[in-house]
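These protein sequence lines are chains A and B, in that order.
For the first sequence, our numbering begins at 5 and goes up steadily by one.
For the second sequence, our numbering begins at 2 and goes up steadily by one.
Every residue, glycine too, gets a C-beta built ideally from N, C-alpha and C.
Just so we're clear, the structure is a prediction, and the values are computed from it rather than from any experiment.
See structure below.
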Amino acid sequence: MLMRLLYPTPIAILLLAGVAIGFAVGARQLGFWTEDGPGPGLLPFVVALLLLPLLVVALRERVPEEEPFRAMPLAGIVLTCAYAAMLPYLGFLLPTLLLIIAWVRLFHRESWLRCTLLGVGLTAAGTVLFDVLLKVPMPLLPGWL
Amino acid sequence: MIDALQQIGYGLSLAVLPQNLLFAFIGSVLGTLVGVLPGLGPVTTIAVLLPVTYQVGDPLGAIIMLASIYYGAMYGGSTTSILLKVPGEAASVITCIDGYEMARQGRAGPALAIAAIGSFVAGTLSVFALGLVGPAFAKVAISFGPPEYFALAVFGLALSATLSGGSPVRGICMVLLGLLLGVVGVDTVTGVERFTFGSMQVADGIELVPMLMGLFGLGEILYNLEQKGAFTLVSTKIGRLFPSRQDWRESAGAIARGSVFGFVIGLIPGGGAILGSLLSYTVEKRLSKTPEQFGKGAIAGVAGPESANNSAASASFIPLLTLGLPGNAVTAVLFAGLLIQNVQPGPMMLTKHPDVFWGVISSMYIGNIMLLILNLPLVGLWVQLLRVPFWILGPAVLVVAIFGTYSLRNNWFDIGVLMASGAVGYLFRKASLDAGPLVMAFILANILDTSLRQSLLMGDGNLAIMVTRPIAGVILAVTAIVVASMLFSHFRKKSRSPDPAEVNA
Chain A
5 MLMRLLYPTP
15 IAILLLAGVA
25 IGFAVGARQL
35 GFWTEDGPGP
45 GLLPFVVALL
55 LLPLLVVALR
65 ERVPEEEPFR
75 AMPLAGIVLT
85 CAYAAMLPYL
95 GFLLPTLLLI
105 IAWVRLFHRE
115 SWLRCTLLGV
125 GLTAAGTVLF
135 DVLLKVPMPL
145 LPGWL
Chain B
2 MIDALQQIGY
12 GLSLAVLPQN
22 LLFAFIGSVL
32 GTLVGVLPGL
42 GPVTTIAVLL
52 PVTYQVGDPL
62 GAIIMLASIY
72 YGAMYGGSTT
82 SILLKVPGEA
92 ASVITCIDGY
102 EMARQGRAGP
112 ALAIAAIGSF
122 VAGTLSVFAL
132 GLVGPAFAKV
142 AISFGPPEYF
152 ALAVFGLALS
162 ATLSGGSPVR
172 GICMVLLGLL
182 LGVVGVDTVT
192 GVERFTFGSM
202 QVADGIELVP
212 MLMGLFGLGE
222 ILYNLEQKGA
232 FTLVSTKIGR
242 LFPSRQDWRE
252 SAGAIARGSV
262 FGFVIGLIPG
272 GGAILGSLLS
282 YTVEKRLSKT
292 PEQFGKGAIA
302 GVAGPESANN
312 SAASASFIPL
322 LTLGLPGNAV
332 TAVLFAGLLI
342 QNVQPGPMML
352 TKHPDVFWGV
362 ISSMYIGNIM
372 LLILNLPLVG
382 LWVQLLRVPF
392 WILGPAVLVV
402 AIFGTYSLRN
412 NWFDIGVLMA
422 SGAVGYLFRK
432 ASLDAGPLVM
442 AFILANILDT
452 SLRQSLLMGD
462 GNLAIMVTRP
472 IAGVILAVTA
482 IVVASMLFSH
492 FRKKSRSPDP
502 AEVNA
């Protein structure tokens, strides 16, 4: 029973419920009505209130073929978040190279050679496409360099 | 009629300028290229390529490129449906049925050709229909007040939530979530910041493009990590490409009917391509002398739905451009593309940006011709792309999404939005929650909010104004009927048959 709670639907619905409650509370503070008429909190409050009971119905809907989370996508999420956290400090080149090498090695079990080649190739391609061809100034190197 | 033709002529004169032809060409190539990659449907393709169009600079050129990417992605999507049985989007699920069967019987060539030709015919017809209907729509739309806008937005959202094929309850949940996320930022009426936690980053709202790329791009890649090896390519041998005389006989009527159904349904906000292709398939099966062939490789089952799909897609530009209401996930992404170019879709677009309006419509036609030229002879080349292994594909999309996101505003925060949306996109995908209605609602949230409040002001705080104004009242009544009947049939089906396949469908 406890394991069933870790399935995608309950997790997603819990997340949505949290969002709905947060918005409902925030909307109350914004006010439903001002002296000029309907206030900024009116719509979000009504929407959040509509959402909550529907979430209960959605939770009770049976999705018998629902599959549990798999390790790889979850690891992928961790990897991309770590990458996003590194970017502002290290620039694009190094973190992107590392991300791709780690990604292909971990999730696709390719050889180190292939991982490195793809990492170098894609990092170079992204840089050429955006920095050179489309002329977007990308912070490629660490700021302190 | 003459007027519309003149305007289309004007649009064509813009679309055939060398630079615009070049943008149409690049767009078609990029769209087909990415769209044909397995696992990347049209929505993902357009979302990931949005930043590239941003760099074009000139609004018309950028939008022409977007429209061609759209067409290319649709075409690429039908290729993967036929050869891999991987529908790029909900609307091509129908194409998979008979298209994949044909491919298995060694008739991939005619299936691909008829899909392209059907799309071309449907596209051509609907571009002219667009030219006729568009201005009429815009004229009506200008007379709409806040209650009518509110009713239309609710109507479009309700339809997209309940008709997307999944559970209508989940669809409505996604719409409501989209509405909540969409009001984040400075309130346009009072200037108060809503749900920003004082952060400047979201003062203008949550950035749409990184969110789209996360939900549809990164989320899709994460989801595909666990689906490895799920694609089974029938064969990269296309065989004879050109349909036989009998194929033509069987398809001609289907293409014509499909084009008309698709167009009419595409005009309804929230109607969209899936309904069009479904309707076309059902009708063709009914009309066929050999209905038993459907599901076993009937060419009419590819020709009809593919045409309907395409003309619905073109027609859905009407609510997008004249009402400012995106009718499905793809037009929602295009909406984002227009906003990036500072073109606000809506009733004023025809007067404010007539060049963009007519240029887009005409360039869709050019895009169609280009795709026909590009795709039929080169289909063998595109098919080779189906062999690109996922270990190259996933990281490549990842890099384009990350660099592209940053290139839009040179902002690290947006990368965070991308990653978070990617994680959420994966979660939703696993939980059978469709992100399409969420994105539509996200875009419509402020229109809905403002029009609701203005309506309430007009009615002195009384909601009755929504039903006493005839147009708004009728639209809301139809909405209520559609939603009620979808919910009713959903719950009845569930209580009657505990068949898991059906509950899931």
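So for residue i, helix, strand or coil by DSSP?
| i | result |
| --- | --- |
| Pro390 of chain B | coil |
| Gly100 of chain B | helix |
| Val87 of chain B | coil |
| Arg195 of chain B | strand |
| Trp148 of chain A | coil |
| Gly183 of chain B | helix |
| Gly41 of chain A | strand |
| Gly10 of chain B | helix |
| Glu70 of chain A | coil |
| Met349 of chain B | coil |
| Ile300 of chain B | coil |
| Ile46 of chain B | The sequence as given places Thr at residue 46 of chain B; Ile does not occur at that position. DSSP places Thr46 of chain B in helix when its eight states are reduced to three. |
| Met142 of chain A | coil |
| Pro327 of chain B | coil |
| Leu18 of chain B | coil |
| Gln202 of chain B | helix |
| Leu122 of chain A | helix |
| Gly58 of chain B | coil |
| Arg108 of chain B | coil |
| Glu307 of chain B | helix |
| Leu102 of chain A | helix |
| Leu94 of chain A | helix |
| Tyr80 of chain B | The amino acid at residue 80 of chain B is misidentified as Tyr; the sequence shows Thr. Reduced to three states, the DSSP call for Thr80 of chain B is helix. |
Using a Cβ-Cβ cut-off of 8 Å, state whether residue i counts as contacting chain A.
| i | result |
| --- | --- |
| Arg171 of chain B | yes |
| Leu181 of chain B | yes |
| Asn353 of chain B | The question names Asn, but residue 353 of chain B is Lys in the sequence shown. By this cut-off, Lys353 of chain B is not an interface position. |
| Ser486 of chain B | no |
| Glu285 of chain B | no |
| Pro396 of chain B | yes |
| Gly10 of chain B | no |
| Trp249 of chain B | no |
| Val400 of chain B | yes |
| Phe404 of chain B | yes |
| Ala506 of chain B | Confidence at Ala506 of chain B is low in this model, with a pLDDT of 34, below 50, so the placement of that residue should be treated as unreliable; the coordinate-derived value is given next. By this cut-off, Ala506 of chain B is not an interface position. |
| Leu177 of chain B | yes |
| Glu503 of chain B | Confidence at Glu503 of chain B is low in this model, with a pLDDT of 38, below 50, so the placement of that residue should be treated as unreliable; the coordinate-derived value is given next. Closer than 8 Å: no. |
| Leu223 of chain B | yes |
Given residue i, which residues of its chain have a CB within under 8 Å of its CB, disregarding the five upstream and five downstream residues?
| i | result |
| --- | --- |
| Gly296 of chain B | Ile98, Asp99, Glu102 and Gly302 |
Can you confirm whether residue i, when its beta carbon is compared against all beta carbons of chain B, has any partner nearer than 8 Å?
| i | result |
| --- | --- |
| Pro146 of chain A | no |
| Ile15 of chain A | yes |
| Gly80 of chain A | yes |
| Leu117 of chain A | no |
| Thr120 of chain A | no |
| Ala52 of chain A | yes |
| Val140 of chain A | yes |
| Leu9 of chain A | no |
Under 6 Å Cβ to Cβ from residue i, same chain only, skipping five residues before and after it: list those, please.
| i | result |
| --- | --- |
| Lys494 of chain B | none |
| Ala152 of chain B | Ala473, Ile476 and Leu477 |
| Leu63 of chain A | Ile17 |
| Val331 of chain B | Pro43 and Val44 |
| Ser278 of chain B | Ala92, Ile95, Pro306, Ala309 and Asn310 |
Along chain D, which residues have their Cβ under 7 Å away from the Cβ of residue i?
| i | result |
| --- | --- |
| Val136 of chain A | Note that chain D does not occur in the displayed structure, where the protein chains are A and B. |
Between residue i and the rest of its own chain, which residues show a CB-CB distance below 7 Å, the 5 nearest in sequence each way excluded?
| i | result |
| --- | --- |
| Leu488 of chain B | Pro169 |
| Leu110 of chain A | Ala79 |
| Ala106 of chain A | Leu83 |
Next on the checklist: Please give the ranges of any alpha helix (DSSP H) in the stretch 220-293 of chain B, keeping only runs that are unbroken, at least 4 residues long and fully inside the region.
Outcome noted: Secondary structure in the stretch 220-293 of chain B: the alpha helix (DSSP H) runs of 4 residues or longer, each lying completely within the stretch, are 220-226, 246-268 and 273-288 in chain order.
Next on the checklist: Taking beta-carbon pairs under 8 Å, can you tell me which members of the stretch 125-153 of chain B lie near chain A?
Outcome noted: Listed in sequence order: no entries.
Checklist entry - What residues in the stretch 417-433 of chain B bring their beta carbon closer than 9 Å to a beta carbon of chain A? => result For the stretch 417-433 of chain B, the beta-carbon criterion of a distance under 9 Å to any beta-carbon of chain A is satisfied by Gly417, Leu419, Met420, Ala421, Gly423, Ala424, Val425, Tyr427, Leu428, Phe429, Arg430, Lys431, Ala432 and Ser433.
Next on the checklist: At a CB distance below 8 Å, what residues from the stretch 203-219 of chain B approach chain A? Give them in sequence order.
Outcome noted: Considering only beta carbons, the part of the stretch 203-219 of chain B lying closer than 8 Å to chain A consists of Leu219, in chain order.
Checklist entry - Can you list, in chain order, the residues of the stretch 18-34 of chain A whose Cβ is nearer than 9 Å to any Cβ on chain B? => result When CB distances to chain B are screened at a threshold of 9 Å, the residues of the stretch 18-34 of chain A falling below it are Leu19, Leu20, Val23, Ala24, Gly26, Phe27, Gly30, Ala31 and Leu34, in chain order.
Checklist entry - Going along the chain, which residues of the stretch 86-117 of chain A sit with their C-beta nearer than 9 Å to a C-beta in chain B? => result Hits within the stretch, in order: Tyr87, Ala88, Ala89, Leu91, Pro92, Phe96, Thr100, Leu103, Ile104, Trp107, Val108, Phe111, His112, Arg113 and Glu114.
Next on the checklist: Please give the ranges of any alpha helix (DSSP H) in the stretch 8-64 of chain A, keeping only runs that are unbroken, at least 4 residues long and fully inside the region.
Outcome noted: Segments of the alpha helix (DSSP H) lying fully in the stretch 8-64 of chain A: 12-34 and 46-64.
Item to check | Selection of the stretch 56-75 of chain A by Cβ proximity to chain B, strictly under 8 Å | outcome: When CB distances to chain B are screened at a threshold of 8 Å, the residues of the stretch 56-75 of chain A falling below it are Leu58, Leu59, Val61, Ala62, Glu65, Arg66, Val67, Pro68, Glu69, Glu70, Glu71, Phe73 and Arg74, in chain order.
Item to check | Runs of alpha helix (DSSP H) lying entirely within the stretch 420-506 of chain B, each at least 4 residues, in chain order | outcome: As far as the stretch 420-506 of chain B is concerned, its whole alpha helix (DSSP H) runs of at least 4 residues are 436-459, 466-469, 471-497 and 501-505.
Item to check | Contact list for the stretch 183-195 of chain B against chain A, Cβ threshold 8 Å | outcome: If the cut-off is 8 Å between Cβ atoms, the stretch 183-195 of chain B has Val184, Asp188, Val190, Thr191, Val193 and Arg195 near chain A.
Item to check | Selection of the stretch 451-470 of chain B by Cβ proximity to chain A, strictly under 8 Å | outcome: Listed in chain order, the positions of the stretch 451-470 of chain B with a beta carbon within less than 8 Å of a beta carbon of chain A are Leu453, Arg454, Leu457, Leu458 and Gly462.
Checklist entry - If you measure beta-carbon to beta-carbon, which residues of the stretch 369-397 of chain B are closer than 9 Å to chain A? => result Listed in sequence order: Pro390, Phe391, Trp392, Ile393, Gly395, Pro396 and Ala397.
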